[in-house]
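Notes follow once the structure below has been shown.
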Amino acid sequence: MTLADSNAVVSMSTSADQDYPPSNILDPSDKVFWMTTGLYPQEFIITFKEPIEFRQLRFVTTNVKRFVMFTTSNAEPRNFDTILEKTLPNNENNLQINEYTLDRLTEVRHFKCVILAGYDSFASVHSLKFDAGNTHVRVNNWLLMKDVSPTLVIAIAYVCAIIFGRKWMKNQKPFKLRNFMFIYNILQVIICAYITYESTYVWFKDRYSFLCQPVDYSNRMTAIRACEACWWYYIMKIVDLIDTIIFVLRKKDNQITFLHVYHHLTMLFFGWYGVKYVGGGQSLFIVILNSFIHVVMYAYYGLSACGSHIQKYLWWKRYLTQAQIIQFVAVIGHSSINLFTPCNFPKVFDISFLLYGISILLLFSNFYLQSYMKKAKQRKEA
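Residue numbers for the sequence shown follow the working numbering, beginning at 1 and rising by one.
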């Protein structure tokens, strides 16, 4: 981002000789600033009206030999932390184009650069570009997206609710919750249908590729809609935890399996990290597929909550499990193709999607076979 785009100003500039301070000029047409002659060290501070986050930095200079950079997120320019200290090669008065990637995303309100030495008495800074890298900076102000801590708290609360909820329910009669379950499932259908529509719209509007679709980190309308769809998908992973609470209150302990808890917990974190770093792109394939499956699944649950008189119309229940297995196979296939296709999409997510898909497929297939064999045995005994 440029200074003008970021509502930033050069708030301070000094040199070793106060009679010859560096001159910092923000050019509104070229959106660059530079420093004129002055004895070393030369120093300037850039102040942002609103804090930004960045991980990647592009620093374009002339005749700079050695520099050190600092940042602080404090309201006042003090208590700076060192982020970079470099010595540059001599480019013989040509541009020095340098790009750096920090170890982590860094929040900055004041950015300080000190040029300790130069190859000439004249050194210039042509441009600075701050980039968040593979992360949607805009989502930081979205609900629960500043950092992963709230998601971690929700996960811990979920596990505690299962443990202590089951203990409490031992001496309680099971709740029926029929009306609540019907409303809950209908809301699930509506929101999952919305997510499916939004994701599918972006997929076809931008002509997404099944083989390779990098994440669009721009502020284009469809890029924002893709990220918003992923955020809603993450929010629904939180809402999905209510499934388990319903099982606890109805004393359906047999349905609170390892597979059930593992799936809900892991999807919670996959959802958060997906929005934070790959909100869109080929991860949208998983959002479309899983949200559509959830539309069908919660439609079934909603109808089931209506009572026994509706059961005869739910003959298609057995196909739900098969559809879920097909979904996992599709995710594994998609991630495998993407993993071995040259593509500007973080490979760590392709690997994560692949391994997670395999783990869920194995657990779900085992559950399906166990249930099938149990029912077959019961029919045989009957």
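The beta-carbon is built from N, C-alpha and C at its ideal position, and this holds for glycine as well. These numbers were taken from a predicted model, which means no experiment stands behind them.
(message) Determine whether the beta carbon atoms of R109 and F48 lie at a separation below 8 Å.
(response) For the pair R109 and F48, the CB atoms are nearer than the 8 Å cut-off.
(request) Closer than 7 Å by C-beta to V287: which residues in its own chain qualify, once you throw out the five before and the five after it? Chain order, please. (result) Counting only residues of its own chain and dropping the five nearest sequence neighbours on each side, V287 has a CB closer than 7 Å to the CB of I195, S199, A229, C230, Y233.
(message) Whole angstroms are fine: how far does the CA of D131 sit from the CA of E43?
(response) Put simply, the backbone Cα of E43 is about 22 Å away from that of D131.
(message) Rounded to the nearest angstrom, what separates R166 and K251 at their Cα positions?
(response) C-alpha of R166 to C-alpha of K251: approximately 8 Å in a straight line.
(message) Once DSSP output is grouped into helix, strand and coil, what is the label at Q96?
(response) Residue state for Q96 is assigned as strand, using DSSP reduced to three classes.
(request) Would you mind sorting E276 into buried or exposed? The rule is 16 or more other CB atoms within 10 Å of its CB. (result) Sequence check: residue 276 is Lys here, not Glu. Around the beta carbon of K276, 16 or more other beta carbons lie within 10 angstroms, which makes this residue buried.
(request) Would you kindly check if the distance between the Cβ of K112 and the Cβ of R58 is under 8 Å? (result) For the pair R58 and K112, the CB atoms are not nearer than the 8 Å cut-off.
(request) Count the other C-beta atoms from every protein chain shown that fall within 10 angstroms of the C-beta of K347, then say buried if there are 16 or more, exposed otherwise. (result) K347 is exposed by the Cβ-count criterion.
(message) Let me check understanding here. Comparing Cα to Cα, which of K86, D243, L105, V248 lies closest to N98?
(response) Minimum Cα-Cα distance from N98 among the listed residues K86, D243, L105, V248 corresponds to K86.
(request) Pick out whichever of D147, T244, W142 has its Cα sitting closest to the Cα of I256. (result) The residue among D147, T244, W142 with its C-alpha nearest the C-alpha of I256 is T244.
(request) Taking only the alpha-carbon atoms, compute the straight-line gap between T266 and G307 and give it to the nearest angstrom. (result) Each residue's Cα considered, the two are about 32 Å apart.
(request) List in chain order: all unbroken beta strand (DSSP E) runs of 3+ residues lying wholly within the segment 33-108. (result) Counting whole runs of 3 or more residues, the segment 33-108 contains the beta strand (DSSP E) stretches 42-62, 64-72, 81-87.
(request) Please state if the CB of S365 and the CB of D354 are separated by a distance shorter than 8 Å. (result) The amino acid at residue 354 is misidentified as Asp; the sequence shows Leu. Note that the C-beta distance between L354 and S365 is not below 8 Å.
(request) Indicate whether the contact test is met: 3 or more Cβ pairs, each with one atom in the segment 174-193 and one in the segment 293-312, closer than 8 Å. (result) Result yes; three or more Cβ-Cβ pairs closer than 8 Å.
(message) By alpha-carbon positions, which one of F54, S209, V64 ends up nearest to C343?
(response) Nearest neighbour of C343 by Cα position, chosen from F54, S209, V64, turns out to be S209.
(request) Would you identify the three-state DSSP class for S365, choosing helix, strand or coil? (result) DSSP, reduced to helix, strand and coil, places S365 within a helical segment of the structure shown.
(request) Can you tell me the Cβ-Cβ gap for Y158 and L241, rounded? I've got them flagged as a contact below 8 Å. (result) Indeed they touch by this definition, with Cβ atoms about 5 Å apart.
(request) Confirm, please, whether the CB-CB distance from T62 to S383 is below 8 Å. (result) Residue 383 is absent from the model: the chain starts at 1 and stops at 382.
(message) Suppose only complete runs of 4+ residues qualify. What are the alpha helix (DSSP H) ranges in the segment 227-272, listed by chain order?
(response) Note on the segment 227-272: whole alpha helix (DSSP H) runs with a minimum of 4 residues are 242-249, in chain order.
(request) Decide if S371 is buried, meaning its Cβ has at least 16 other Cβ atoms within 10 Å, or exposed. (result) S371 comes out exposed.
(message) Residues in the same chain with beta-carbon distance under 6 Å from D206, minus the five sequence neighbours each way, listed in chain order, please.
(response) Here the set comprises T222.
(request) Pull up the distance between the alpha-carbon of S121 and that of T71, whole angstroms please. (result) S121 and T71: Cα-Cα distance of roughly 26 Å.
(message) Using only the alpha-carbon positions, how far apart do L116 and L102 sit?
(response) Cα atoms of L116 and L102: separation of roughly 21 Å, rounded to the nearest angstrom.
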